[in-house]
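Scroll down for the structure; my scribbles are underneath it.
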Amino acid sequence: VCDGDLHPLETMNTHEKAMAWLRRHQPRVAQSLEAGGHELQDFMFLRHFSHSARQVFSGDQRWALTGEAGVFLDPFYSPGSDFIALSNTYICELIEAERRGEPVAGASALYQQLYFSFYANTLSLYQDQYRLFGDAQVMPLKVIWDYTFYWALLAPLYFGGHQARLSVLGALRPQFTQAAALNLAMQALLR
8 VCDGDLHPLE TMNTHEKAMA WLRRHQPRVA QSLEAGGHEL QDFMFLRHFS HSARQVFSGD
68 QRWALTGEAG VFLDPFYSPG SDFIALSNTY ICELIEAERR GEPVAGASAL YQQLYFSFYA
128 NTLSLYQDQY RLFGDAQVMP LKVIWDYTFY WALLAPLYFG GHQARLSVLG ALRPQFTQAA
188 ALNLAMQALL R
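Below, the structure is given as C-alpha cells:
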C-alpha cells in the first residue's frame with residue numbers, strides 16, 4: 008500500500024517493474040539507485056526459509072539448541088525473538104534443575120514437546136498461506152485472527168511467567184489443544 012492505494016505484487020515483481028514503480032511513486036529512491044553504487048539483490052522470496060529440528064534439548068547428554076540453530080519460522084510476524092526467549096527460558100530451567108541435583112531428562116522431553124507444539128502452531132500461520140499475503144480482502148482477516156490467537160494464548164503465558172511452569176501448562180492443556188484445532192481450522196478457512 009502506498010498513498011492509500013493497493014499496489015499488487017505483479018506491478019513490481021521484476022527488477023524493471025520495481026524500478027518503474029519507484030520512478031513513479033518514490034522518484035528520489037529510484038534516482039539514488041540509478042545513480043549507481045548499488046548491487047542488485049534478489050528481492051522476490053526465499054524458499055524453505057522456515058526449518059525445524061528433530062531435537063533441541065537433551066537432558067541425558069546435557070546439550071541444547073537455541074535461536075536459529077534449532078527451529079526457525081518465517082519472519083513475517085517476527086516470531087524469532089519469541090522462540091529464542093522461549094527456548095532460552097527452557098534451557099535456563101534445565102540448567103537450574105541440574106544445579107539443584109534434580110534429574111532433567113523428563114523435563115527436557117516435556118519442554119521439547121511444548122516447544123515443538125508452539126512451533127507447529129505458529130508454522131501453520133505461514134504454511135501454504137503466502138497467496139493470502141497479497142489478498143486485500145482476506146489478509147486483514149488473517150492478521151486479525153493471527154494476532155488474536157497469539158495475544159490470547161502465547162503472549163499471556165509468557166508475560167505471566169508461566170511458559171515453564173509444568174503445572175500451569177498441564178492445567179491449560181485442554182484449552183491449548185482446543186485452540187490449536189481452532190487455529191488449524193481457521194487457517195484452512197482463510198486459505
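For the sequence shown, the residue numbers in my numbering are 8 to 198. We put the beta carbon where it would ideally sit given N, CA and C, even for glycine.
Our contact map puts residue i next to residue j with C-beta atoms below 8 Å; I'd like the distance itself, whole angstroms only.
{"i": "A187", "j": "N128", "result": "5 Å"}
{"i": "S65", "j": "S115", "result": "6 Å"}
{"i": "L121", "j": "L176", "result": "6 Å"}
{"i": "M26", "j": "A37", "result": "6 Å"}
{"i": "Y126", "j": "S39", "result": "About 40 Å; that fails the 8 Å criterion."}
{"i": "Y133", "j": "D81", "result": "4 Å"}
{"i": "F183", "j": "L160", "result": "7 Å"}
Quick check on the burial criterion: 16 or more other C-beta atoms within 10 angstroms. Buried or exposed for residue i?
{"i": "S85", "result": "exposed"}
{"i": "F56", "result": "exposed"}
{"i": "V8", "result": "In this prediction, V8 scores a pLDDT of 45, lower than 50, which makes its location untrustworthy; the coordinate-derived value is nonetheless stated afterwards. By the 10 Å Cβ count, V8 comes out exposed."}
{"i": "Q119", "result": "buried"}
{"i": "G168", "result": "exposed"}
{"i": "A171", "result": "buried"}
{"i": "Y97", "result": "buried"}
{"i": "A71", "result": "buried"}
{"i": "W150", "result": "According to the sequence shown, residue 150 is Val rather than Trp. So V150 ends up on the exposed side."}
From the DSSP output, which residues share a beta bridge with residue i?
{"i": "W70", "result": "S65"}
{"i": "F79", "result": "H58"}
Can you name, in chain order, every residue of its own chain whose Cβ lies under 7 Å from the Cβ of residue i, other than the five neighbours on each side?
{"i": "L173", "result": "L117"}
Quick one: residues in its chain with C-beta nearer than 8 Å to the C-beta of residue i, no 5 flanking neighbours on either side, listed in chain order?
{"i": "M141", "result": "A quick correction: the sequence has Gly, not Met, at residue 141. Contacts found: P15, L16."}
{"i": "G108", "result": "none"}
{"i": "V145", "result": "L139, L197"}
{"i": "S124", "result": "F183, A187"}
With 8 Å set as the bound, which would you pick, yes or no: does the beta-carbon of residue i sit closer than that to a beta-carbon of chain B?
{"i": "K149", "result": "Protein chains in the displayed structure number just one, and chain B is not present."}
Grab me the residues of residue i's own chain with a C-beta within less than 6 Å of its C-beta, minus the 5 sequence neighbours each way, in chain order.
{"i": "A76", "result": "none"}
{"i": "V78", "result": "S59, A60, Y126"}
Do residue i and the ligand PLP come close, with the Cβ less than 7 Å from some heavy atom?
{"i": "A60", "result": "The ligand PLP is absent from the structure shown, which contains no ligand whatsoever."}
Completely contained beta strand (DSSP E) runs for the stretch 127–195, where each covers 3 or more residues: Not a single unbroken stretch of the beta strand (DSSP E) spanning 3 or more residues falls wholly within the stretch 127–195.
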